[in-house]
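Novice: In the working numbering, the protein residues as written are 19 to 363.
After the C-alpha cells below, expect a handful of questions from me.
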Ligand SMILES: [Zn+2]
Ligand SMILES: [Zn+2]
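Below is the structure:
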C-alpha cells in the first residue's frame, strides 16, 4: 500500500509498504477513506517533535472503515465507519479513569499515531486500543463532516470544556487557524454573551466574518483596547490562546480581566515568560496542555444534530497520490487553505 513517510529531517515521501496487521487482541485495522494534514505533521517534518521516529507513516487525522479487529475489541466491527482518535489510551490507568487520556501511562499512550507508530496518511492504519481509539460515525454524518473529530475538533471541544464558559461571559479566542476555528465552534455551543476572535491574516479574518457574522473580529495590534471596550469588566472573562506565536501568550493574559480563566491550547516553539510581578493581584487561572480526546462520541452526536459543522474548513481535496502537492499548499498557506482532505483509494 502507499504510505506517506517521514524519511529524514525536512523530507516526507510516498512509499510502498506492507498493509499493517493486527499485533494485539485490542487492535483494529482501518482502511482510510479520508485523511487530513495537521500543523503537527509539519512540526515532525521540521524536526521539532524529537520523539517522532524516521520511517514511520505520518498522519493522525482520519476517518475510515474497519477492516479487521482483534479478539478483544468490542465497540466496533468490520464494516463500521469510524473516526480515529489522535490519542492512544488504554482506558484503565489512573489518568484514563479521570478523563486525562493525554497522560495515559501506556507505552503508546498520548500522541503515538503518525509520530511514534505508523499513522494514517496511507491506505490502511493499525489502531491500538481500538475500543478507545475508534468511534462509530452515525449514518447521517458524512466522512467530511467527521474528518476533524479525532484531532483539531476534539482539541477545540476540550478547550471550550475546560474553560468553564458561562452565558454572561465575553470570550476571547486568539488565532483563527483550524484549531482556533474549532475552538470557536465549540465555544459557541456554550452561548456566551459575546465572542471576540483575534487574528492577523486577512484571509482568515474574512473567513470568520463570512461564516460566523455574529463573532467580533480584530487584529492583534488593537486587540487589547478592543477587548476592554467590548467586555463588561475591563477584559475578557475567558481567553483561549490558540495561536502560539511570539507575542500571543502575553496578549492572552493582558486581555483577561482579573480572576479570568486563560486556557493555553497553543504549542509554542519557545519558552514563554510568566511575569508574575506584573500579574500580581490579577489572580488569573491558567489552564494548559494537550487535548484529552475523550469526547469524540459526544462530538459526533453534536455533528449529527447539526450543532457543529466543520465542513467549511475543508478548502482543498487531493488524492493520496497527490499528497506532496497537498503539503505544498498547506505548508505555504496558499490559495486561502484552511484544511485539506486526502481522499483514500
Ligand atoms: Zn494534529
Ligand atoms: Zn491509560
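Note that CB positions come from ideal geometry on N, CA and C, so glycine has one too.
So within the region 302-355, which uninterrupted alpha helix (DSSP H) runs reach at least 4 residues, ignoring any that extend past its ends?
Specialist: 314-322, 341-349
Novice: Could you tell me if residue 336 is buried or exposed, where buried requires 16 or more neighbouring beta carbons within 10 angstroms of its beta carbon?
Specialist: buried
Novice: Specify whether the region 238-253 and the region 144-162 touch according to this definition: at least 3 beta carbon pairs, one from each stretch, less than 8 Å apart.
Specialist: no
Novice: Looking only at C-alpha atoms, which of 36, 339, 332, 236 sits nearest to residue 358?
Specialist: 332
Novice: Any chance the CB of residue 122 is under 6 Å from a heavy atom of ligand 2?
Specialist: Answer for residue 122: yes, Cβ within range of ligand 2.
Novice: What first and last residue would you give for the alpha helix (DSSP H) that runs through residue 242?
Specialist: 241-247
Novice: In chain order, what are the residue ranges of uninterrupted beta strand (DSSP E) at least 3 long that sit wholly in the region 73-151?
Specialist: 80-87, 99-102, 142-145
Novice: Do we get a CB-CB distance below 7 Å when we pair residue 346 with the residues of chain C?
Specialist: The structure shown contains no chain C; it holds only a single protein chain.
Novice: For residue 92, count the other beta carbons within 10 Å of its own beta carbon; 16 or more makes it buried, fewer makes it exposed. Which is it?
Specialist: exposed
Novice: Could you tell me which residues DSSP puts in a beta bridge with residue 54?
Specialist: 359
Novice: Suppose you measure from the CA of residue 94 to the CA of residue 253; what does that come to, to the nearest Å?
Specialist: 46 Å
Novice: If you measure from the CB of residue 314, is any heavy atom of ligand 2 nearer than 6 Å?
Specialist: no
Novice: If you measure from the CB of residue 56, is any heavy atom of ligand 1 nearer than 6 Å?
Specialist: yes
Novice: Out of 104, 23, 228, which has the shortest C-alpha to C-alpha gap to residue 76?
Specialist: 23
Novice: Is the closest heavy atom of ligand 2 to the C-beta of residue 175 under 6 Å?
Specialist: no
Novice: How big is the Cα-Cα spacing for residue 278 and residue 189?
Specialist: 10 Å
Novice: Considering just the uninterrupted stretch of the beta strand (DSSP E) at residue 213, what are its terminal residues?
Specialist: 212-216
Novice: Out of 267, 321, 29, 334, state which residue places its alpha-carbon closest to the alpha-carbon of residue 73.
Specialist: 29
Novice: Using only CA atoms, which one of 103, 266, 78, 270 lies nearest to residue 287?
Specialist: 266
Novice: Sort 136, 195, 66, 282 by Cα distance to residue 356 and report the nearest one.
Specialist: 195
Novice: With a threshold of 8 Å, are at least 3 pairs of Cβ atoms found where one atom belongs to the region 176-183 and the other to the region 200-210?
Specialist: yes
Novice: In the DSSP assignment, what are the bridge partners of residue 254?
Specialist: 274
Novice: Excluding the five sequence neighbours on either side, which residues of its own chain have a C-beta within less than 6 Å of the C-beta of residue 316, listed in chain order?
Specialist: none
Novice: Determine the DSSP secondary structure at residue 227, reduced to helix, strand or coil.
Specialist: helix
Novice: Would you check if the distance between the CB atom of residue 50 and the CB atom of residue 310 is smaller than 7 Å?
Specialist: Not closer than 7 Å, so no.
Novice: Can you grab the Cα-Cα spacing for the pair residue 53 / residue 177, in whole Å?
Specialist: Spanning the alpha carbons of residue 53 and residue 177 requires a straight line of approximately 23 Å.
Novice: Helix, strand or coil for residue 62, going by three-state DSSP, please let me know.
Specialist: helix
Novice: Measuring alpha carbon to alpha carbon, tell me which of 321, 38, 187, 59 ends up nearest residue 175.
Specialist: 321
Novice: Is any non-hydrogen atom of ligand 1 found closer than 6 Å to the C-beta of residue 169, if you look at the structure I gave you?
Specialist: yes
Novice: Can you find the residues in the same chain that come closer than 8 Å, C-beta to C-beta, to residue 362, ignoring five residues on each side of it along the sequence?
Specialist: Same-chain partners within the cutoff: 49, 50, 51, 52, 53, 82, 141, 338.
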